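Student: One structure, as structure tokens, below. Some questions next.
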DNA sequence: TGTCACTATGCAACTAGTTGCACTGCACCC
DNA sequence: GGGTGCAGTGCAACTAGTTGCATAGTGACA
């Protein structure tokens, strides 16, 4: 239900086309809300029908024309309504944990390899986040408003990825130790 | 796709009825894989058709009869296959982060209240996990095999919830500070 | 002139999860 | 005998997300 709202937040930061939104969902806002371009186009269509966003065609030269979306008053109202409403924490579904819990029923070596792969993947993401933090937010104490909020969300990513890396390391160490015995 | 596999792991630990499984998905295995009883019954039906589990009726006295499910050979094979196959990290969708990023577009006080609520919720979960850790795994270094794997998954929960609590605290502090200015 | 790569938009079919409801069995208590 | 509450099983409709495909415009380069 929140894809609409994520799009509203992103469009409010800066109006853009479906294509541009899809790109943002590959990074920045995509770090905490996943969406494919198919989903985005479909949702934008619905949002126009609801009157949450307005659309106008923009001719470009050197590249195909595009349709730019902008948040409408009804969209801003909906966003305010949603922001004030309570939301439940995401229901968790963590593949890797299921696999670890079932580890004794399969190939242990393959699984530790898989855990190591996840570890590296999370470490990579962590590096990306830390690089953004360093580059875009060198002086956090000076931040306020919108910029502060962006920074705080990024901090959530940093903390989450760091926790995951550390957990993978703990799991790997314990499973290898168990293996040796 | 992994609900089948989570059920296989759980049934392998101990055979049980749909109802019993649904209860396990309220705790233990449910801490990292969410599922409702409707989903579980539907999936069990499919798994019987696939030959992954077998089912037999068990008469009870003092309570209604039940249908107990047990992992079949084909189920064990499927589990081994799945354990050896790579899996992508879950796509993230974090409501609260979207809300924080859009904070300037709504009622700031309501949002900080919401963040505080989430903070408490995560703190509560953390306490639950820590209590289980203390009670069921008093001596982690002595663990091995299945028990070790259960412990390691629990550790993931502890780390995740702790990271969330700390992040909420960071967000609350920063937003309140920003408010005062 | 062809093809590659990127910009740009979209439909359709499928899969997985959510929500609301419905029903039976049985113990316990008033 | 009637209500409450837990045990136990399930269907149906809906919503959200995934996957595979289709198509067009434009610049760069061989």
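Residue numbers (the working numbering), protein chains in the order written: chain H, 1365 to 1545; chain R, 1365 to 1545. Even glycine gets a Cβ: it sits at the ideal position worked out from N, Cα and C. A quick note: this is a predicted structure, and the numbers were derived from the prediction, not measured.
Cβ closer than 8 Å: which chain H residues qualify as neighbours of residue 1450/R?
Tutor: By one-based count along the second chain, residue 1450/R stands at place 86. Going along chain H in sequence order, the residues near residue 1450/R (Cβ under 8 Å) are 1478 and 1481.
Student: Check whether chain H comes within 8 Å of residue 1531/R, counting only Cβ atoms and requiring the distance to be less than that.
Tutor: Within the second chain, the letter at position 167 stands for residue 1531/R. Chain H contact via Cβ: present.
Student: Distance, Cα to Cα, residue 1442/H vs residue 1369/H?
Tutor: Position 78 of the first chain, counted from the start, is the residue given in the question as residue 1442/H. Position 5 of the first chain, counted from the start, is the residue given in the question as residue 1369/H. Cα to Cα, the separation comes out at about 8 Å.
Student: Checking contacts by CB at 8 Å: is residue 1418/H closer than that to chain R?
Tutor: Here residue 1418/H corresponds to residue number 54 of the first chain, with the count starting at 1. With 8 Å as the cut-off, residue 1418/H does not count as an interface residue toward chain R.
Student: Can you check which of these residues, 1522/H, 1467/H, 1514/H and 1541/H, is closest to residue 1510/R by C-alpha distance?
Tutor: As a working note, residue 1510/R is residue 146 in the second chain. Among 1522/H, 1467/H, 1514/H and 1541/H, the Cα nearest to that of residue 1510/R is on 1467/H.
Student: Helix, strand or coil: how does DSSP classify residue 1452/H here?
Tutor: By one-based count along the first chain, residue 1452/H stands at place 88. DSSP places residue 1452/H in coil when its eight states are reduced to three.
Student: First and last residue of the beta strand (DSSP E) that includes residue 1465/H?
Tutor: Locating residue 1465/H in the first chain gives position 101, where the first residue counts as 1. Where residue 1465/H is concerned, there is no enclosing beta strand (DSSP E), although the alpha helix (DSSP H) it sits in stretches over 1459 to 1465.
Student: Taking only beta-carbon positions, decide if residue 1497/H is within less than 8 Å of chain R.
Tutor: Taking the first residue of the first chain as 1, we reach residue 1497/H at position 133. No, its Cβ sits nowhere closer than 8 Å to a Cβ of chain R.
Student: Taking only beta-carbon positions, decide if residue 1430/R is within less than 8 Å of chain H.
Tutor: As a first step, residue 1430/R is located in the second chain; it is residue number 66 there, counting from the start. No, residue 1430/R does not count as interfacial toward chain H.
Student: Give a yes or no on whether the C-beta atoms belonging to residue 1433/R and residue 1380/R are separated by under 8 Å.
Tutor: Within the second chain, the letter at position 69 stands for residue 1433/R. Within the second chain, the letter at position 16 stands for residue 1380/R. Taking 8 Å as the Cβ cut-off, residue 1433/R and residue 1380/R qualify as a contacting pair.
Student: Return the chain-ordered list of same chain residues with a C-beta closer than 7 Å to the C-beta of residue 1455/H, the five sequence neighbours on each side being excluded.
Tutor: One-based indexing of the first chain puts residue 1455/H at position 91. Once the five neighbours on either side are set aside, residue 1455/H has no close Cβ partner at all.
Student: Report buried or exposed for residue 1535/R, applying the criterion of at least 16 other Cβ atoms within 10 angstroms of its Cβ.
Tutor: In the second chain, residue 1535/R corresponds to position 171, counting from 1. With 16 or more Cβ atoms within 10 Å of its Cβ, residue 1535/R is classed as buried.
Student: Give a yes or no on whether the C-beta atoms belonging to residue 1462/R and residue 1396/H are separated by under 8 Å.
Tutor: Translated into the one-based positions of the second chain, residue 1462/R becomes position 98. Translated into the one-based positions of the first chain, residue 1396/H becomes position 32. Yes, these two residues count as a Cβ contact at 8 Å.
Student: State the Cα-Cα distance for the pair residue 1400/H and residue 1386/H, rounded to the nearest angstrom.
Tutor: Position 36 of the first chain, counting from 1, holds the residue named residue 1400/H. Position 22 of the first chain, counting from 1, holds the residue named residue 1386/H. So the two alpha carbons sit approximately 7 Å from each other.
Student: Could you please tell me which residues of the segment 1395 to 1415 of chain H, in chain order, have their CB closer than 7 Å to any CB of chain R?
Tutor: Flagged, chain order: 1396, 1397 and 1398.
Student: So, are the CB atoms of residue 1559/H and residue 1447/R less than 8 Å apart?
Tutor: Outside the modelled stretch of chain H, which goes from 1365 to 1545, sits residue 1559/H, for which no answer is possible.
Student: Using CA coordinates, which residue listed in 1444/R, 1390/R and 1478/R is at the minimum distance from residue 1539/R?
Tutor: On the second chain, position 175 is the one that residue 1539/R refers to. Of the listed residues, the one whose Cα sits closest to residue 1539/R is 1478/R.
Student: Mind checking if residue 1502/R is an interface residue toward chain H, Cβ cutoff 8 Å exclusive?
Tutor: As a first step, residue 1502/R is located in the second chain; it is residue number 138 there, counting from the start. With 8 Å as the cut-off, residue 1502/R does not count as an interface residue toward chain H.
Student: What distance in whole Å lies between the Cβ atoms of residue 1438/R and residue 1416/R, which are believed to be in contact at a cut-off of 8 Å?
Tutor: Your numbering for residue 1416/R matches position 52 in the second chain. Your numbering for residue 1438/R matches position 74 in the second chain. Between residue 1438/R and residue 1416/R the Cβ distance is about 5 Å, and since that is below 8 Å, they are a contact.
Student: Note the first and the last residue of the continuous alpha helix (DSSP H) segment covering residue 1483/H.
Tutor: As a position in the first chain, residue 1483/H is number 119, starting the count at 1. Residues 1472 to 1500.
Student: Is the separation between the beta-carbon of residue 1403/R and that of residue 1465/H shorter than 8 Å?
Tutor: Counted from its first residue, the second chain places residue 1403/R at position 39. Counted from its first residue, the first chain places residue 1465/H at position 101. Cβ atoms of residue 1403/R and residue 1465/H: not closer than 8 Å.
Student: Between which two residues does the beta strand (DSSP E) holding residue 1374/R run?
Tutor: Against the second chain, residue 1374/R aligns to sequence position 10. Run containing residue 1374/R: none in the beta strand (DSSP E); it sits in the alpha helix (DSSP H), 1367 to 1377.
Student: In whole angstroms, what separates the C-alpha of residue 1526/H from that of residue 1428/R?
Tutor: The residue given as residue 1526/H occupies position 162 in the first chain. The residue given as residue 1428/R occupies position 64 in the second chain. Approximately 48 Å between the Cα atoms of the pair.
Student: Measuring CA to CA, which of 1482/H, 1440/H and 1518/H is closest to residue 1499/H?
Tutor: For the purposes of this step, residue 1499/H is identified with residue 135 of the first chain, where counting begins at 1. Of 1482/H, 1440/H and 1518/H, the residue nearest in Cα terms is 1518/H.
Student: May I ask you to list, following chain order, the residues of the segment 1502 to 1523 of chain H that have a beta carbon less than 7 Å from some beta carbon of chain R?
Tutor: Those would be 1508, 1509, 1510, 1512, 1513, 1514, 1516, 1517, 1519, 1520 and 1523, in chain order.
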